[in-house]
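Notes follow the structure.
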Amino acid sequence: MGMAKRKLAGTKKSGSRGQLASVAKADEAFGFRRLPVLDLASGDSLTIPVYDFEGSDPDAPSVYLQSAMHGPEVQGSLVLALMVAHLKENPPQGRVRIVPNANPAGLNAKVGEYTNGRFDTVTGDNFNRRYFLPTTNFAWDDFLREHAASDEKAVVANFRTKMRRALESQKTKGGTIADRIAITLQLLSIDFDHCLDLHCANVSVRHLYAPEHTRADSAYLQIPHVLLIPNDSFTGAKDEVFFHPWQELARRRGNPAAIAVQSFTLELGDQETVDRRGAEKDLAGILSYLAHRGVLAGKPKKIHPVFCALENYATIHSPRGGLVEWRAVPGEKVRKGQVVATILQFHEDPIFHEVKSPCHGIVNLRHSSAIVHEGAELMKIVGTPSGA
Ligand SMILES: [Zn+2]
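Now the structure itself:
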């Protein structure tokens, strides 16, 4: 990209397995460490890898990326490995922090050959619903009064400090395994302007959860399906907890469009899968978006994704238990009433129950097993109300 290479300190191999690499000094362009996140019963510690690129321009916007918060969703970890290599050759303008394999408890949760790490095996909690909203009990009126005459930079910096302190205070309260991992990841990301949380979904087309205010920018990620979530949405997921305080600040200051940060959940294809050709394309999209946002140099390129409001994103729950034969595959256009699957049950004559699409649209994902109970989340359709 025509940028001069900077000195990359701390790139030495970290030595024998399990040994901690030294933390890079603040004045170095690159640093690697393994951060302890959880003590195990055996007395061993689980750690997560953290890569830091300082950036050449202290005023350039910054980005935080993480992958595999859900244990089986590992495609993003390959994408981030490729990104580390790319940034070592092409140092960024803004700060970049990369946390692959963000949830070792989830990654290690094997049951037979499958990985059960979407949920905490102890509590049943979804690992991506335990983030803490740092504006809980926030003294909005005091903050707004104190900053009535402050410039934009001071408002952003002081608000961020308040959020960080709220997270640090919450961390001292402990909590479950999922709570502890989540708060550690929040503290790692709070000082950044952008947050990309990399996931995967069953057997699926690549798609993206994007807050409404990022609609135009999201096209630079080059992901074909974009699910638009309302700006005031909050279910405890990472993308929401990252932007929600800032959209609330913008709204209370009377300029709801002036949201200082952007965050996305990227769903990079099938779970339990690592695919290099796909990862190279995934990385190209991420680099394009970050060039568009000024974090990196380079020429941004956007696509024309299919945008879908969450209210038009249809879930088909299996009407019967049995064995599934798919009649439509992810990426396929379907019509309302079209048979998209059959469920086989054994009676005197074997019966194939038909499952029909509730709307016109495009199949976004399907269940990853052919064996389902009644009520299983069988398929999701990106609805196109104007016709498939
Ligand atoms: Zn996920």
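Quick note on this note's numbering: the sequence shown kicks off at 1143 and runs consecutively. We put the CB at the ideal spot given by N, CA and C, even for glycine.
Buried versus exposed call for residue i [16 or more other C-beta atoms within 10 Å across all chains shown]
| i | result |
| --- | --- |
| A1166 | Residue placement at A1166 cannot be trusted, given a pLDDT of 43 that sits under 50; what the coordinates show is reported in the next sentence. A1166 comes out buried. |
| D1201 | exposed |
| S1499 | buried |
| D1335 | buried |
| N1506 | buried |
| T1356 | buried |
| W1388 | buried |
| K1295 | exposed |
| F1406 | buried |
| V1471 | exposed |
| T1303 | exposed |
| E1382 | buried |
| P1492 | exposed |
| G1435 | The question names Gly, yet the displayed sequence has Arg at residue 1435. The residue is buried, with at least 16 neighbouring Cβ atoms inside 10 Å. |
| H1515 | exposed |
| G1248 | buried |
| T1377 | exposed |
| D1186 | exposed |
| H1459 | exposed |
| T1314 | exposed |
| G1254 | exposed |
Pick from the options that is closest to residue i, judged by C-alpha positions
| i | options | result |
| --- | --- | --- |
| L1309 | F1280, L1286 and A1296 | F1280 |
| E1474 | G1525, L1182 and L1486 | G1525 |
| F1269 | P1233, T1303, H1341 and L1177 | H1341 |
| E1231 | S1460, L1438 and I1485 | L1438 |
| G1173 | P1191, D1186 and D1284 | P1191 |
| E1537 | N1300, T1277 and T1278 | The requested residue 1537 is not part of the displayed model; the chain covers only 1143 to 1530. |
| D1199 | E1453, A1400 and P1233 | P1233 |
| A1451 | T1265, R1418 and V1368 | V1368 |
| G1236 | H1212, G1248 and P1203 | P1203 |
| K1444 | S1311, G1248, V1253 and I1365 | I1365 |
| H1509 | D1359, G1411 and Q1328 | G1411 |
| V1345 | S1292, W1468 and E1453 | W1468 |
| P1276 | F1384, V1497, P1214 and Q1404 | F1384 |
| T1265 | R1348, T1278, L1391 and D1321 | D1321 |
| Q1312 | S1331, E1255, T1278 and F1488 | T1278 |
| T1541 | P1214, A1290 and Q1404 | A query on residue 1541 cannot be resolved here, the shown segment of the chain reaching from 1143 to 1530 and no further. |
| D1284 | Y1455, H1349, F1488 and L1391 | L1391 |
Cβ shell of residue i (< 6 angstroms), same chain only, five flanking positions each side left out
| i | result |
| --- | --- |
| L1188 | V1179, L1180 and P1246 |
| T1326 | V1179 |
| R1239 | D1194 and Y1206 |
| D1424 | V1221 and L1410 |
| S1164 | Residue confidence is low: S1164 scores 42 on pLDDT, short of 50, so the model does not pin down where it sits. Its coordinate-derived value is still stated next. Correct list: empty, nothing qualifies. |
| M1211 | A1244, N1245, F1269 and N1270 |
| V1298 | A1402 |
| P1442 | Y1362, S1430, A1433 and H1434 |
CB-CB length for residue i against residue j, believed under 8 angstroms
| i | j | result |
| --- | --- | --- |
| E1196 | A1171 | 5 angstroms |
| I1371 | Y1351 | 6 angstroms |
| E1409 | A1343 | 4 angstroms |
| A1286 | R1394 | It should be pointed out that residue 1286 corresponds to Leu in this sequence rather than to Ala. Sure, about 6 angstroms apart at Cβ, within 8 angstroms. |
| Y1273 | Q1328 | 6 angstroms |
| I1504 | V1448 | 7 angstroms |
| T1318 | D1359 | Incorrect: roughly 34 angstroms between the Cβ atoms, too far for contact. |
| D1339 | K1380 | 4 angstroms |
| L1182 | V1241 | Incorrect: roughly 20 angstroms between the Cβ atoms, too far for contact. |
Same chain, Cβ closer than 8 angstroms to residue i, neighbours up to 5 away in sequence not counted
| i | result |
| --- | --- |
| V1446 | One detail in the question is off: residue 1446 reads as His in this sequence, not Val. Taken in chain order, the residues that qualify are A1361. |
| G1427 | Y1362, L1363, Q1364 and I1365 |
| E1354 | L1370, I1371, P1372 and N1373 |
| P1461 | I1485, H1495, V1497 and E1516 |
Same chain, Cβ closer than 7 angstroms to residue i, five either side skipped, listed in chain order
| i | result |
| --- | --- |
| A1512 | L1465 and V1466 |
| V1416 | V1216, Q1217 and L1220 |
| T1457 | E1519 and K1522 |
| A1483 | V1466, E1467, W1468, R1469, V1497, L1520 and M1521 |
| K1155 | For K1155, the predicted model reports a pLDDT of 43, less than 50, meaning its position is unreliable; a value from the coordinates is still stated below. So no residue of the chain qualifies. |
Next item on the list: At 4 residues or longer, and completely inside the stretch 1357-1416: list those alpha helix (DSSP H) runs for me, N to C.
Entry: 1357-1360 and 1380-1394
Note to self: If we require 3 or more residues per run, which beta strand (DSSP E) segments fall completely within the stretch 1492-1526?
What the structure shows: 1493-1498, 1503-1508 and 1519-1525
Next item on the list: Let me know the beta strand (DSSP E) ranges lying completely inside the stretch 1211-1281, each 3 residues or longer, listed in chain order.
Entry: 1238-1241
Next item on the list: Taking only runs that begin and end inside the stretch 1324-1356, name each unbroken beta strand (DSSP E) of 3 or more residues, in chain order.
Entry: 1336-1341 and 1349-1353
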